[in-house]
Amino acid sequence: MRVSEDMRGFVQEIISSYESRISMVGTIINDTYRILEDFKSNTNIMSEQLKNNLASETFLRKKDFENMMGDVFAEQEEKEKEIKDLLRNFLDEQKEIAEIIKCEMADDKKAGVDNLKKVVEYIQTRQKAQEEELIIRLKEFQKEYNEISDSMRSLLDKGEVIQIKDFKEMLKKIRSRPVRNEFLNGSRQAEGEGRCVHRERIGYYGLIVERVS
Numbered sequence: 027m028r029v030s031e032d033m034r035g036f037v038q039e040i041i042s043s044y045e046s047r048i049s050m051v052g053t054i055i056n057d058t059y060r061i062l063e064d065f066k067s068n069t070n071i072m073s074e075q076l077k078n079n080l081a082s083e084t085f086l087r088k089k090d091f092e093n094m095m096g097d098v099f100a101e102q103e104e105k106e107k108e109i110k111d112l113l114r115n116f117l118d119e120q121k122e123i124a125e126i127i128k129c130e131m132a133d134d135k136k137a138g139v140d141n142l143k144k145v146v147e148y149i150q151t152r153q154k155a156q157e158e159e160l161i162i163r164l165k166e167f168q169k170e171y172n173e174i175s176d177s178m179r180s181l182l183d184k185g186e187v188i189q190i191k192d193f194k195e196m197l198k199k200i201r202s203r204p205v206r207n208e209f210l211n212g213s214r215q216a217e218g219e220g221r222c223v224h225r226e227r228i229g230y231y232g233l234i235v236e237r238v239s
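Oh and the sequence shown: position 107 is 133 in the working numbering, straight run, nothing missing.
This is how it looks when you write it as structure tokens:
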């Protein structure tokens, strides 16, 4: 049975929606990358100033400063990488779903389109949860960045009266933060360009569609 024009309109509307979504997500990712780089740049500037101040006022060796701050920066680098991977995987997922929908439309069967409606409803529900998780992760990263920045800025404001014990207290405070390592694991291998993926698990969603062609 061939798909009616109404059904085709429904599917085409879904495809257009996902193509617009892909463009929007791409813009958000670029903006987020820029913000993350700004965070890193500002932190590095303050860290360099603090290192020089401590070396000048307390005779703390710059090498010792770098060693003491190493784990703090390593943790931030890891979380930044996880956020970037999470965003990149999210974008890849949108592209993959759009391709699946196109493949379903190419099948030109009413049963396939009826099934697609159910799949789309499921996707939308999962996407909402995933987007909320992304927002939580980004807010957590920003909160931690602000805590580190505020701590370093507070030490810089001490000027000449800064002491090594102030620096050690700052490190203790930063390291005592609750650690959350539950970032989503969206890593997966690309299925290959120009392929219609069917009856296989699809990325984050666990969707099932029919064949590989």
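Using N, Cα and C, we set each Cβ at its ideal position, and we do this for glycine too.
So, residue i versus residue j, is the Cβ gap smaller than 8 angstroms?
i    : j    : result
Q120 : R47  : yes
R203 : E170 : yes
I174 : I200 : yes
L182 : N79  : yes
L197 : M72  : no
L62  : E101 : no
I40  : V146 : yes
Looking only at its chain, what residues have a beta carbon closer than 7 angstroms to the beta carbon of residue i, apart from the 5 residues adjacent to it on each side?
i    : result
Q189 : T84
K184 : D192
G52  : L117
A124 : I41, Y44, E45, I48
G104 : According to the sequence displayed, residue 104 carries Glu and not Gly. Correct list: empty, nothing qualifies.
Since residue i and residue j are thought to touch, with beta carbons under 8 angstroms apart, how far apart are those beta carbons, to the nearest angstrom?
i    : j   : result
E127 : Y44 : The identity of residue 127 in the sequence shown is Ile, whereas the question assumes Glu. Yes, I127 and Y44 are in contact; Cβ-Cβ is about 7 angstroms, under 8 angstroms.
L113 : T58 : 6 angstroms
F91  : K77 : 5 angstroms
Short of 6 angstroms in beta carbon distance, which residues of its chain neighbour residue i, apart from the five on each side in sequence? Order them along the chain.
i    : result
S42  : none
E172 : Before going on, a small fix: residue 172 reads as Asn here, not Glu. Closer than 6 angstroms at Cβ, skipping near neighbours: no residue.
V98  : I200
A81  : K88
V187 : none
Q168 : none
In the structure shown, what three-state DSSP assignment does residue i receive?
i    : result
Q75  : helix
K121 : helix
K184 : coil
E217 : Note that E217 scores a pLDDT of 39, beneath 50, so its modelled location is shaky; the value from the coordinates is reported in the next line. The answer is coil: DSSP assigns E217 none of H, G, I, E or B.
L86  : coil
S24  : Since the first residue shown for the chain is 27 and the last is 239, residue 24 is missing from the structure and cannot be characterised.
Q156 : helix
Q150 : helix
Q269 : For the chain, the structure presents residues 27 to 239; residue 269 sits outside this window and is missing.
Y230 : With a pLDDT of 36 at Y230, under the threshold of 50, the predicted position of this residue should be treated as unreliable, though the coordinate-derived value follows. Helix, per DSSP.
Q189 : coil
L210 : Legend: pLDDT at L210 = 39, less than 50; position of this residue unreliable, no value from coordinates given.
To which residues of the same chain is residue i closer than 8 angstroms at the C-beta, ignoring the five residues directly before and after it?
i    : result
S177 : M196, K199, I200
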